[in-house]
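Taking it in order: structure first as structure tokens, then the write-up.
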Amino acid sequence: MKLNHKLYLYSFLAHFGWLKKSYTAKIMLVAFLGTHVPLLTLLLSFVISNSYSFEMAARVMIIALLATLAGTAATLYALNHLLKPVILTSATLQNYLDTKTLPELPTEFADEAGTLMADTSQTLHKLDELIHHITNYDDLTGLPNRDLFCDRLFEIISKPENNQRLVAVFLLSIDDFTGISHGLEHEAINLLLRAVAQRLSTCMAQTDILAHLSGDEFALARMEIHSVESVIKLSQLLLSTLSKPFSVEGNSIHITASIGITINGINDRNSIDQLLQQAHIALYQAKQQGRSQYQFYSPEINAQLQERLTLENELHGALERNEMLVYYQPLIDLQSGKVTAMEALIRWQHPTLGMISPAKFIPIAEANGAIVPIGEWVLRTACAQNRAWQLAGFTPIRISVNLSARQFEQPYLVEVINQILEETGLQASDLELEVTESFLMGNIERSIKTLKQLRELGIWLALDDFGTGYSSLSYLKRFPVNILKIDQSFVQDVMSNPDSAAVTDAIIALAKSLRLSITAEGVETQEQLDYLKMQGCDEGQGYYFSRPVPADIIAPMLQKISQLMETIAA
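Under my numbering, the residues of the sequence shown are numbered 6 to 575, in order.
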């Protein structure tokens, strides 16, 4: 609805430049003209009338003029003061827009002008509260946001009386929040975050500050820290509180969280942003350790993170710069002593950092997705090398290549592997792919389907690191694998730890009952070898036979290892 249809006089006067910016001037002009209409009328009647002498007319005109001017002055003076509520309200609004200063308008008057001032004052106070809430509080959880958290924490730390106070900052993040988000509707995720905020609130002391920073990240600052043990107890309380199931829209949801902790100690002058950055570094380290973990910040952790960032930057383009290498480690038949397979293991030869351990760069490649092209390159290189050994006259052996979780999730994995076999000319029966139980369990039905398709090509499938993950017998029966690989952690302790020996014996017996081949990783001593042979293990792999070596020294090594194992077997 249009509201300006009664503003015709106001709009008309606004066209005049000298009246445009002054509402008071408009009122004064109208008042001046209004009070002078009687005078003008009287003057006109005297001009057109012959009933009065000139002296009489002049006398009356002067008296009327003086009276009119006096009345006009008094009227304009009164109007100017009556307009003060409007002028003051306008000035107050402008001042609030410029300086965010709240008004002190009178509220005791009951007429229209008084109502205008009272309503304006009340509206600005409510508006200021709303702006303050929007600016400083998270609209999802109602908790303070990052800005308010930093302001409150800085205010407390900067007080002189708090110079000797220890302050702990906890940064909490839900584990695998991305995966949880994919499985829930948007509204359910919001309800879950609100429930998390409420749970965390129950763990707070009166002087604590709790905030929702963003996404699944919450920050808590505790002011009264008497010992590191109290910080650990609070961390354990937070984690255990969140580990209890949440009821969201009738569904029971289980989550875990990780916590990064930093402590602002005596004489520390860390800014709040630095404290949060340190807590972020500690949180990252906690997540690397697994679920439901907490970690304290330290310069050593920061150094590790900086190293990781450097490696992540250097990893981009490493393939194109030909810095990646494939080493090979033999797998030995423990009964005949013959080499039955070679496992392809990637290495990174950096021009300035030297040989970089796969334990350092593989997790980075997994995290940023670089493992997919790297893994495909390793597979192609290993298949081509195995075919080259065959063409050189060596007896055909399997080439074993690890598949990463990211590779296994690729929708065209089977087609890519089949294409590589065709390009390199390698038979599918000469290729072994190693998968780990942990990433197969992510999507059971899809994993089984992919494994069956690979088996149909004639590829060997090995379940790597068996015994360290779920070790689910029900799913093991459904996975169409050929080989179980005993994790090296059991093999290394098989002579000294009865539990490791028991697990190793159980895995070998299980494999035999399911008619699966069994390979032991990490064989390093003659005693370990003898034990595995006695238990009926099929294959062994480890430093006792050979370290991973470049392809150019594999050929002479194959014959040497075969002779050595024949001597040992005799």
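Note that the Cβ used here is the ideal one computed from N, Cα and C, for glycine as well. This structure is a prediction, so every number in the text was calculated from the model and none was measured.
Given 8 Å, three or more beta-carbon pairs between the segment 309–319 and the segment 200–211: no
Coarse secondary structure for R227, derived from DSSP in three states: strand
Beta strand (DSSP E) runs wholly inside the segment 499–555, at least 3 long, in chain order: 522–526 and 544–546
Rounded distance between the beta-carbons of Y289 and I266, thought under 8 Å: In fact, because the Cβ distance is near 12 Å, the residues do not count as touching under 8 Å.
Beta strand (DSSP E) segment containing H191, residue limits: That residue, H191, is in no beta strand (DSSP E); its alpha helix (DSSP H) goes H191 to S206.
From S235, I185 and L243, residue whose alpha carbon lies closest to that of S257: Answer by Cα proximity: I185.
I264 beta carbon less than 9 Å from that of L244: Contact flag set, yes.
Entirely enclosed beta strand (DSSP E) segments - the segment 379–427, minimum 3 residues: Here the runs fully enclosed are 403–407.
Collapsed DSSP secondary structure at G22 in the structure displayed: Helix at G22.
Secondary structure of A560, DSSP reduced to three states: helix
Within 9 Å, strictly: CB atoms of Q531 and G547: The Cβ atoms of Q531 and G547 lie no closer than 9 Å to each other.
Reduced DSSP secondary structure (H/G/I, E/B, other) of F251: strand
Validate contact between the segment 418–436 and the segment 377–393 using beta carbons, cut 8 Å, 3 pairs: yes
Residues bridged to M347 [DSSP beta-bridge criterion]: P335 and I404
V419 to V383 span [Cα, whole Å]: 16 Å
Nearest-angstrom beta carbon gap, C208 and T246 [assumed within contact, 8 Å]: Right, the Cβ-Cβ distance comes to about 6 Å (below 8 Å), so this counts as a contact.
Beta-carbon separation (whole angstroms), T345 vs E544, contact threshold 8 Å: 6 Å
Beta-carbon spacing of Q282, A291 below 9 Å: no
Chain-order list of residues whose beta-carbon lies under 8 Å from that of D152 (same chain, five-residue window excluded): T140 and N141
Whether I449 touches P485 by CB criterion (9 Å): Not closer than 9 Å, so no.
DSSP-derived helix/strand/coil call for G188: G188 falls in the helix class under three-state DSSP.
DSSP three-state assignment for M6, whether helix, strand or coil: No answer about M6 holds up, because its pLDDT of 36 lies below 50 and its placement is not dependable.
Cα-Cα separation between M500 and A506, rounded to whole angstroms: So the two alpha carbons sit approximately 7 Å from each other.
Boundaries (first-last residue) of the alpha helix (DSSP H) holding Q279: I277 to Q293
Supposed close pair Q525, L537 - CB separation, criterion 8 Å: Residue identity check: residue 525 is Ala in the sequence provided, not Gln. Yes, they are in contact, since the Cβ atoms of A525 and L537 sit about 5 Å apart, within 8 Å.
Rounded separation between I523 and D338 - CA only: 10 Å
C-alpha distance - E325 paired with S341, whole-angstrom precision: 41 Å
DSSP bridge partner residues for P149 (one or two, in chain order): Y142
Residue from L70, E328 and E437 whose Cα sits closest to the Cα of T46: L70
Sub-9 Å separation of L606 and L408 beta-carbons: Past the edges of the chain, shown from 6 to 575, lies residue 606, and the structure says nothing about it.
Whether F159 touches I277 by CB criterion (9 Å): yes
Assigned secondary structure, E222 (DSSP; H/G/I helix, E/B strand, else coil): strand
Contacts around Q493, its chain only, beta-carbon distance under 6 Å, and the 5 residues preceding and following it disregarded: E526 and G527
Buried versus exposed, by CB contacts within 10 Å (16 or more), S551: buried
Proximal residues to L8 (C-beta, below 6 Å), its chain only, five neighbours per side dropped: With a pLDDT of 44 at L8, under the threshold of 50, the modelled position of this residue cannot be trusted; read the value that follows with caution. Excluding sequence neighbours, L8 sits near nothing in its chain.
Supposed close pair R352, Y332 - CB separation, criterion 8 Å: The C-beta distance from R352 to Y332 rounds to 5 Å, short enough to fall under 8 Å.
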